[in-house]
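Some notes on the structure that comes next.
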Amino acid sequence: MKLLKLLFFLLFVVSVQAQKLSDLYKKVNSSVVVIEIISVGTESNGSNRQLVKESSQGSGVLISEDGKIWTAAHVVQSAEVVSVEFVDGDIYEATIVSSNPQADVALLQIKNNFQLKNKKVATIGDSDKTLIGEDVFVLGAPHGFKQSLSRGIISGRYVPDHRSNDFVKIEFLQTDAAINPGNSGGPMFNMKGEVIGIASRIYSASGGFSGIGFAVSSNIAQKLLSEEENIWTGMEGLLITGNVAKALNVPQESGLLVLSTATQGAASKLGLQGGYVPAVIDGVELLLGGDVILQIAGIPFTDDNSGYLIKKKLKEFKKGEKISISILRHGKIGTAEFYKQ
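In mature numbering (1 follows the signal peptide of the UniProt record, and there is no 0), the protein residues as written are -18 to -1, 1 to 323.
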């Protein structure tokens, strides 16, 4: 008899939890969008370079009634055209308002006349109150499967130790909820239906999901996208050092290799050029042929903290003041200049 009661109790608990999750899904899924990206890359054809159209996909979440959307920076960083699709079938074009590649968060704004209709704006939760072991679920479009749900727990918290104390320490929530290509930028919800993170990346030896995924915490996303000033550079870059820097004849220990640029981004408007020749050097996959940024405003790129030091330095400039950038292009050092807006 006791065994029957125990089995009944366990079945009841599982049924209640499953019902709760299905109810939560119906409550929040109208806030989740599929993001379609069109970008333009370059490839080498002998001695010539040609432009090629590229498409990719990610996810995002609606955070305001006027059409603001959170997503991952790497999803839209070099995008030419961004469109978002809601579960009700509405599709809108969006612009990139700001991004922070280090934290991997970006803010989009839907163009033209956005109509909320029956869509629900997501509720942003306090990620600081999220506990390790707490149940969570992730919504997105892994491998193009729209509105796909995966569930898991908070496995840990990760704060990269190379961040400067002068700036916000970026926090990632570790989870075993499945995160795959297409999930990037999608929301991680707690069991109250609140967004507590934005799906960012996975740790994997095989390239597929192996139970270790990371989401940028909602408090960090809120601070960086609402309280801090972040411009959209429209550039994907890779910090190169060691043997990679030596192979590219970088005249200092490290530099920022420009991989790609979007025509409407700040980097392209400065005349910076991306790469077009795929290569692997010392185990690092990259595109060769692009500029290597050596320093900005006199601050050299030496490590992952350099971007923060440069950002701090730029705050010292007044509006209209000229700022110089030192670049290495085809073996020669040159400069580019821009004015602080």
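Glycine included, every Cβ here is placed at the ideal spot set by N, Cα and C. Here the structure is a predicted model, which is why all the values come from computation and not from measurement.
Next on the checklist: Considering only their Cβ atoms, is the gap separating residue 210 from residue 82 smaller than 9 Å?
Outcome noted: yes
Next on the checklist: Quick check on the burial criterion: 16 or more other C-beta atoms within 10 angstroms. Buried or exposed for residue 122?
Outcome noted: buried
Next on the checklist: Closest to residue 46 by C-alpha separation, out of 319, 89 and 218, would be which residue?
Outcome noted: 89
Checklist entry - Within this structure, are the beta carbons of residue 70 and residue 94 separated by less than 9 Å? => result no
Item to check | Counted within 10 angstroms of its Cβ, other Cβ atoms place residue 74 as buried (16 or more) or exposed | outcome: buried
Item to check | Range covered by the beta strand (DSSP E) that runs through residue 13 | outcome: First-last for residue 13: undefined, no H or E at that position.
Checklist entry - Thinking C-beta only, is residue 320 closer than 9 Å to residue 309? => result no
Item to check | Cα-Cα separation between residue 146 and residue 288, rounded to whole angstroms | outcome: Note on residue 146: pLDDT 37, under 50, position unreliable in the model; the coordinate value appears next. In a straight line, the C-alpha of residue 146 is about 9 Å away from that of residue 288.
Checklist entry - Just reading off the beta strand (DSSP E) that residue 94 is part of, what are its end residues? => result Here residue 94 belongs to no beta strand (DSSP E), and DSSP marks it neither H nor E.
Checklist entry - Unbroken alpha helix (DSSP H) runs of length 4 or more, entirely within the stretch 238 to 317: which are they? => result 248 to 251 and 288 to 296
Checklist entry - For the candidate residues 228, 245 and 158, whose alpha-carbon lies nearest to that of residue 58? => result 245
Checklist entry - Which term fits residue 267, buried or exposed, when burial requires 16 or more other beta carbons within 10 angstroms of its beta carbon? => result exposed
Next on the checklist: Just to check my reading of the structure: residue 85 and residue 152 have Cβ atoms closer than 8 Å, yes? What is that Cβ distance to the nearest angstrom?
Outcome noted: 5 Å
Item to check | Buried or exposed (CB count within 10 angstroms, at least 16 for buried), residue 125 | outcome: exposed
Checklist entry - Taking 9 Å as the CB-CB cut-off, is residue 238 touching chain C? => result Absent here is chain C; the protein component of the structure consists of one chain.
Item to check | Beta carbon of residue 200 nearer than 9 Å to that of residue 182 | outcome: no
Next on the checklist: Rounded to whole angstroms, what is the Cα-Cα separation between residue 3 and residue 108?
Outcome noted: 20 Å
Checklist entry - What residues are listed by DSSP as bridge partners for residue 220? => result 239
Item to check | Separation of residue 136 from residue 18, as counted between CA atoms | outcome: 28 Å
Item to check | Exposure label - residue 40; buried when at least 16 CB within 10 Å | outcome: buried
Next on the checklist: Taking the alpha-carbon of residue 62 as reference, which of 232, 217, 273 and 282 has the nearest alpha-carbon?
Outcome noted: 217
Item to check | residue 206 to residue 179 span [Cα, whole Å] | outcome: 13 Å
Checklist entry - Where does the unbroken beta strand (DSSP E) through residue 177 begin, and where does it stop? => result 176 to 184
Checklist entry - Looking only at DSSP bridge pairs, what is residue 340 linked to? => result Missing from the structure shown is residue 340; the chain here goes from -18 to 323 and no further.
Item to check | Presumed contact (8 Å Cβ cut-off) between residue 255 and residue 272, rounded CB distance | outcome: 6 Å
Checklist entry - Does the beta-carbon of residue 113 have 16 or more other beta-carbons within 10 angstroms, so that it is buried, or is it exposed? => result exposed
Next on the checklist: Could you pull the DSSP bridge partners for residue 45 from this structure?
Outcome noted: Answer by DSSP bridge pairing: none, since residue 45 is not bridged.
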